[in-house]
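In terms of our numbering, the sequence shown opens at residue 15 and continues consecutively. First comes the structure, then the notes that go with it.
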Amino acid sequence: MKNKITLLLHVLVGIVFIFSAYSKLIAPGIVEIILVDHGLAASRESAGFIVRILISLELALGLLFFQPFSLKRIVIPFSSLFLIGFTAYLGYTGFILHDSQNCGCFGEMIKISPLESIIKNVLLMGLLAILFKRTEEKKNYFAVPLVTLASFIIVFTASPVKSYKDFKFAKYTNFVNAGRVDLSHGDKLIAVFNTECDHCQNLAKELSGLKKKAGWSSNLYALLFSEGTISADSFKAVTNFNYPYRMIKLNEFLDLIGQSPPRIYWLHKGSVKEFWDKDFTNHLNKNFMADQK
């Protein structure tokens with residue numbers, strides 16, 4: 015029974031590390047944004063390398079709990095140090111920077127706060143302490159480096175570091191009512207409005223009316239430009255528009271619209287797939303609501 019419990023704990027800890035790696039691997043952008051916001055990386059590109067190194071280490075640790083070698087000498091102690099380092103970082107971001115947004119520990123699959131992640135790490139460290147006492151050491155000089163190397167190859171092959179220099183929406187990473195958003199992940203819709211524009215107000219009203227029944231509504235974000243007369247709050251009150259939004263400057267606004275606003279962009283995996291200056295509802299119905307008819 016004792017051996018079965020120890021084996022079960024090995025599997026449980028391994029699954030947590032592997033799931034944590036996987037959840038970040040499929041959407042590493044949000045963690046890149048967090049590192050840049052916290053000043054730990056100068057750009058999304060440099061953050062990309064850091065994130066993939068961390069994911070590789072997590073994946074290696076998770077896989078190593080499914081084999082019997084070097085657990086007590088290397089795997090369990092390094093896992094504990096890994097969790098201690100992350101817990102210290104989470105304490106800094108949560109209690110000193112007062113950042114209560116998704117910490118990115120499980121990417122965008124499971125959004126948890128720094129405090130919740132600290133609790134998770136403490137519980138894992140408790141399990142590691144139990145495992146350290148129960149585990150019998152078996153020496154093997156090849157298991158750890160081979161699994162670690164394989165993990166780095168898997169991660170950097172499955173998710174190469176991306177360049178965002180040609181992605182005009184890369185700098186828009188924080189939105190009111192949504193917090194951090196990675197516009198380079200999956201499908202996103204970006205509406206560009208001038209709060210003074212009648213056409214923009216009419217489209218905003220139309221989008222607000224569609225929100226309850228439109229499956230794409232959770233992926234729509236707005237970039238608002240105001241000349242000063244109608245603020246974002248006034249625009250929302252007039253149109254009942256309650257999608258996440260961000261204010262932009264005149265030069266940004268002019269760079270994003272055509273001859274006149276509004277415009278909606280369809281972003282797919284970090285590139286502009288299409289953009290529309292008219293017939294907005296028809297385009298949305300055609301591309302995003304077919305499954306709901």
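All C-beta atoms, glycine included, are put in the ideal place defined by N, C-alpha and C.
message = With three or more beta-carbon pairs closer than 8 Å as the criterion, would you say the region 174–193 touches the region 76–88?
response = The region 174–193 vs the region 76–88: no contact.
query = Just curious, the beta strand (DSSP E) that leucine 111 is in, first and last residue?
reply = Numbered from its first residue, the sequence shown carries residue 111 at position 97. Unbroken run through leucine 111: none, as it is neither H nor E.
ask   = Hey, would you say serine 173 sits closer than 8 Å to proline 42, going by beta carbons?
value = Translated into the one-based positions of the sequence shown, residue 173 becomes position 159. Translated into the one-based positions of the sequence shown, residue 42 becomes position 28. Between serine 173 and proline 42, the CB-CB gap stays under 8 Å.
query = For aspartate 269, does the three-state DSSP call read helix, strand or coil?
reply = Along the sequence shown, one-based indexing puts residue 269 at 255. Correct three-state label for aspartate 269: helix.
request  = Using 10 angstroms around the beta-carbon of leucine 142, count the other beta-carbons present and answer buried if the total reaches 16, otherwise exposed.
outcome  = One-based indexing of the sequence shown puts residue 142 at position 128. Buried is the call here.
message = Helix, strand or coil for alanine 74? Go by DSSP, reduced to three states.
response = Translated into positions along the sequence shown, residue 74 becomes position 60. Alanine 74: helix per DSSP, three-state reduction.
query = Whose C-alpha, out of Ser37, Ser114, Ile144 and Leu145, is nearest the C-alpha of glutamate 130?
reply = For the purposes of this step, residue 130 is taken as residue 116 along the sequence shown, with counting starting at 1. For glutamate 130, the nearest C-alpha among the options comes from Ser114.
ask   = What's the gap between the Cα of leucine 22 and the Cα of alanine 74?
value = Here residue 22 corresponds to residue number 8 of the sequence shown, with the count starting at 1. Here residue 74 corresponds to residue number 60 of the sequence shown, with the count starting at 1. Computed Cα separation, rounded: 18 Å.
query = Exposed or buried, what is glutamine 273 when buried is set at 16 or more other beta-carbons lying within 10 Å of its beta-carbon?
reply = Within the sequence shown, residue 273 is the residue found at index 259, counting from 1. With fewer than 16 Cβ atoms within 10 Å of its Cβ, glutamine 273 is classed as exposed.
query = Once you ignore the five residues that flank lysine 282 on each side, which residues in its own chain have a CB closer than 6 Å to its CB?
reply = Taking the first residue of the sequence shown as 1, we reach residue 282 at position 268. A quick correction: the sequence has histidine, not lysine, at residue 282. Taken in chain order, the residues that qualify are Asp201.
ask   = Beta-carbon of asparagine 208 versus every beta-carbon of chain B: anything under 8 Å?
value = Among the chains of the structure shown, chain B does not appear; only one protein chain is present.
task = Would you grab the beta carbon distance between leucine 71 and isoleucine 32 for me? Rounded to a whole angstrom, and I think it's under 8 Å.
result = Taking the sequence shown and counting its residues from 1, one reaches residue 71 at position 57. Taking the sequence shown and counting its residues from 1, one reaches residue 32 at position 18. Contact check for leucine 71 and isoleucine 32: beta-carbon distance about 12 Å, past the 8 Å limit, so the pair fails to qualify.
task = With DSSP collapsed to three states, give me the class of methionine 139.
result = Taking the sequence shown and counting its residues from 1, one reaches residue 139 at position 125. Assigned with DSSP and collapsed to three states, methionine 139 falls in helix.
key: Within 8 Å, strictly: CB atoms of alanine 246 and threonine 209   = If you number the sequence shown from 1, residue 246 lands on position 232. If you number the sequence shown from 1, residue 209 lands on position 195. Yes, the Cβ-Cβ distance between alanine 246 and threonine 209 is below 8 Å.
key: Nearest residue (CA-CA) to serine 93, options Gly105, Asp196, Val136 and His52   = Here residue 93 refers to the residue found at position 79 when the sequence shown is read from its first residue. Here the closest residue by C-alpha is Val136.
request  = Give every residue of the same chain whose Cβ lies closer than 8 Å to the Cβ of histidine 213, excluding the five residues on either side of it in the sequence, and list them in chain order.
outcome  = On the sequence shown, residue 213 is found 199 positions in, with the first residue counted as 1. Leaving aside the five residues that flank histidine 213 on each side, the residues in its chain whose CB is nearer than 8 Å to its CB run, in chain order, Ser274, Pro275 and Pro276.
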